[in-house]
Amino acid sequence: MAETLLLELRTEELPPLLLPKLGQAFSEGITLGLKARGYCPQHAPYEGYAAPRRLAVRVTGVEPFQPDRIIERKGPAKAAGHDAQGNPTPALAGFARSCGVAIEELKTSVDSKGIEIYLHRSSHTGSTLAAGLQEILSEVLAKLPVQKVMRWGAGEEQFVRPVHGLVALHGSTVIPIQALGHQASNATLGHRFLSSGPITFHRAEDYASSLEREGKVIASFAQRREKIKEGLEKAAKGATLLSAPELLDEVTALVEWPCVYSGTFDASFLEVPPECLTLSMQQHQKYFPLGDSKGTLLNRFLLVSNIETSAPDEIIHGNERVLRARLSDARFFYEQDQKHTLESRLTGLANVVYHNKLGSVLTRIERLENLAKWIAVALDSDPKPAVRAARLCKADLITEMVGEFPELQGVMGTYYARHDGEQEAIALAIGEHYRPRFAGDALPNSLTACTVALADKLEVLTGMYGIGQIPTGDKDPFGLRRQALGVVRILMERSLPIELPALLQHSASTFPNGVLAEDTAEKLYAFILDRTRNLLREKMFSSEEVESVLCSSPSRFDHITARLEAVKQFRLLDEAPSLSAANKRIRNILRKSEPLPRLSVDSQFFSEHAEHQLYEEILRLSPIVEALLSEGDYVGALKVLSSARGPVDQFFDGVMVMADDLLIRNNRLALLARLDVLMNRVADISKLSN
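Numbering that gives the first Met the number 0 puts the first residue of the sequence shown at 0, with every later residue one more than the last.
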């Protein structure tokens with residue numbers, strides 16, 4: 000009879016950042032294993048549980064026995080089963096042996112490709128749920144996303160944390176399985192302090208409700224998260240939560256019975272930059288900082304306790320004392336750092352190794368100054384603030400505050416630059432030059448900040464790529480993919496009129512001779528172009544549209560989006576399919592005829608009216624298209640080009656390009672070459688014919 004199956008693995012406190020993944024992998028693995036073996040229907044519902052000290056899953060409609068089944072094994076093709084003398088080949092003999100039967104007992108069948116093959120069918124009696132679940136559990140535990148395991152006690156068992164119990168219940172029946180040194184039962188333990196003694200489950204369906212009622216444990220990760228969220232909103236009393244979203248998930252993974260309490264700290268600490276205070280609260284203590292309606296930090300915080308009490312004063316005051324010590328440290332670091340200017344710290348960066356092949360952080364700063372100046376001049380802006388910001392942008396790396404909180408690099412540089420009396424544009428550029436730090440992050444705001452951000456990212460890309468630190472698969476230790484996307488986004492979204500290949504060449508020239516591979520700039524451009532393809536596809540441009548623009552290896556990335564939008568509109572025109580197909584035909588003809596013996600067109604060699612007509616159309620359209628392109632009107636240029644459809648169609652209908660007369664043939668090829676250049680000034684429209 001089908002019943003609900005419950006499986007719980009009880010452990011010591013699991014890693015909080017890993018808990019959601021562990022819970023999902025455990026519940027999905029067990030459920031999929033049951034479905035794959037036929038113990039429950041494919042549509043059988045299940046619910047996973049993940050709490051600090053347990054992983055569990057409850058699956059509905061699980062049968063006590065696996066159904067009998069026929070298993071088919073496909074062997075070699077019949078044609079390859081015997082040699083010329085009619086003797087069985089080693090492949091056929093080996094297949095029969097692996098099936099445990101004589102060759103004569105094998106069947107034949109035709110596979111999906113119409114090939115006759117040898118086949119072995121065998122019937123298997125279904126296993127008991129205990130046997131199947133034991134196998135499934137062992138497989139799932141071995142595949143959980145755990146990088147490091149540990150041993151405990153005197154045994155040899157290994158898991159991410161010590162295991163203290165196993166529950167396996169089918170309906171009301173305990174399933175006799177074992178895992179990690181424990182035999183299954185129908186009893187578990189609840190909250191460490193709010194419950195006492197074993198909690199016995201009489202039916203699998205009662206798991207979550209019994210554990211919550213008797214054990215003071217909310218087993219569902221989602222339910223605990225929602226309870227914490229509601230508690231925070233209520234306790235905030237109209238204030239704004241300033242915490243990072245991921246803190247809620249981390250705290251959910253730390254408590255079994257969440258209770259939210261409110262605390263305060265001395266308002267004098269608000270003189271310290273709010274980023275220091277909020278990071279100290281969140282990272283060290285897992286507190287939730289609060290702000291007013293404008294987002295200004297208040298001297299209040301919320302904490303999520305694992306203890307429920309009607310008199311929480313002792314818990315609150317204890318946490319306030321701990322926080323006071325943390326904030327005192329932050330204030331001390333801030334005050335000490337302000338005793339030294341950013342400029343005075345630069346000499347210390349000479350002793351900080353950037354990379355053993357690329358020198359110190361100070362030598363890197365010299366390259367950043369060089370690059371920032373070159374970029375600023377290329378953008379026709381004042382290079383002085385950009386060079387100054389590039390000089391100071393890494394100085395905060397050796398401050399006390401950044402040493403304690405590496406996440407604040409750049410942020411503290413902005414505060415210290417203001418304290419030193421630097422221009423506001425320079426101070427802001429120091430903080431913003433790290434942007435964008437992740438997908439969807441904000442870009443630098445000012446031109447000075449964009450200049451320094453480009454210099455920083457290009458220096459990393461050029462240096463690391465040039466010494467062979469190229470991303471492979473999922474390995475990208477220096478974040479070069481992220482840096483490349485940052486360069487592309489800044490150039491495109493800030494519309495910076497700069498030639499990327501020239502910029503890459505100059506970036507490579509800032510390194511000492513012999514340090515980088517000779518073709519670094521060229522290969523790095525190809526790498527950045529690939530990142531651009533991925534980014535543009537995410538922006539809802541089709542692969543054909545993206546390739547039509549990028550296949551020509553554009554140097555100005557600030558024009559790419561406008562060209563793509565023009566291509567998208569061009570594809571809506573009635574003339575687009577015909578012109579795309581014609582352009583593809585032109586490309587094929589020219590490719591087969593390379594190298595062209597002549598590139599100039601001479602009208603005296605025209606013998607067909609369609610040739611004259613097409614030539615006149617090219618002469619008419621060329622200045623119009625050039626004028627539109629000079630104004631950046633790519634849509635207008637493509638619409639004008641669409642009017643060439645008639646002459647193009649008539650040319651291919653009435654003219655034999657590959658004429659016997661060599662002069663006429665070459666002239667027609669030159670005419671097509673000129674048309675090809677004109678038609679593809681915005682994008683290679685031959686890529687759009689698919």
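The beta carbon of each residue, even a glycine, is placed where N, CA and C say it ideally should be. Just so we're clear, the structure is a prediction, and the values are computed from it rather than from any experiment.
For residue i, three-class secondary structure by DSSP
i: V61; result: strand
i: A448; result: helix
i: C275; result: helix
i: S494; result: coil
i: F331; result: helix
i: G74; result: strand
i: T187; result: strand
i: T30; result: helix
i: Y433; result: coil
i: V514; result: coil
i: L668; result: helix
i: I198; result: strand
i: H163; result: strand
i: V173; result: strand
Buried or exposed by the 16-neighbour rule on C-beta atoms within 10 Å, applied to residue i
i: K686; result: buried
i: M539; result: exposed
i: D395; result: buried
i: N185; result: buried
i: F331; result: exposed
i: T199; result: exposed
i: T124; result: exposed
i: R120; result: exposed
i: A92; result: exposed
i: F690; result: Residue 690 cannot be examined here, being either before or after the span of the chain that is shown, 0 to 689.
i: A218; result: buried
i: H169; result: buried
i: Q84; result: exposed
i: G294; result: exposed
i: E62; result: buried
i: K338; result: exposed
i: E421; result: buried
i: I684; result: buried
Inter-residue CB distance, residue i and residue j (contact presumed, cutoff 8 Å)
i: V647; j: V624; result: Not really, about 15 Å apart at Cβ, beyond 8 Å.
i: P15; j: L253; result: 5 Å
i: D291; j: T239; result: 7 Å
i: V259; j: L326; result: Not quite, the Cβ-Cβ distance comes to about 21 Å (not below 8 Å), so this is no contact.
i: G60; j: A129; result: That pair is no contact at about 18 Å.
i: A49; j: G28; result: So it is not a contact: roughly 13 Å between Cβ atoms.
i: L479; j: L460; result: 6 Å
i: Y286; j: R57; result: With a Cβ gap of about 34 Å, Y286 and R57 do not count as contacting.
i: A385; j: A377; result: That belief does not hold up - the Cβ atoms of A385 and A377 are roughly 11 Å apart, past 8 Å.
i: L140; j: I176; result: So it is not a contact: roughly 12 Å between Cβ atoms.
Beta-carbon spacing of residue i, residue j below 8 Å
i: T413; j: G430; result: yes
i: V654; j: A580; result: no
i: I227; j: L247; result: yes
i: K117; j: G152; result: Reading the sequence as shown, one finds Tyr at residue 117 and not Lys. Their beta carbons are not under 8 Å apart, which means Y117 does not touch G152 by this criterion.
i: L495; j: A507; result: no
i: S359; j: N350; result: yes
i: P288; j: Q282; result: no
i: L637; j: F569; result: yes
i: L457; j: L571; result: no
i: R323; j: F264; result: yes
i: A416; j: L341; result: yes
i: E115; j: K77; result: yes
i: K20; j: P161; result: no
i: H181; j: T10; result: no
Those residues which DSSP pairs with residue i across a bridge
i: T127; result: F64
i: I69; result: S122
i: K106; result: L118
i: S304; result: C258
i: Y48; result: A55
i: Q284; result: Looking at the DSSP assignment, Q284 forms no beta bridge with any residue, so it has no partner.
i: E232; result: DSSP output for E232 lists no bridge partner at all.
i: R299; result: T263
i: G358; result: H354
i: T471; result: K474
i: D149; result: First, the residue type needs correcting, since residue 149 is Met and not Asp in the sequence shown. Per DSSP, F158.
i: H181; result: A178
i: R212; result: R212 pairs with nothing; no bridge assigned.
Contact with chain D by residue i, beta-carbon distance below 8 Å
i: A428; result: The structure shown contains no chain D; it is built from a single protein chain.
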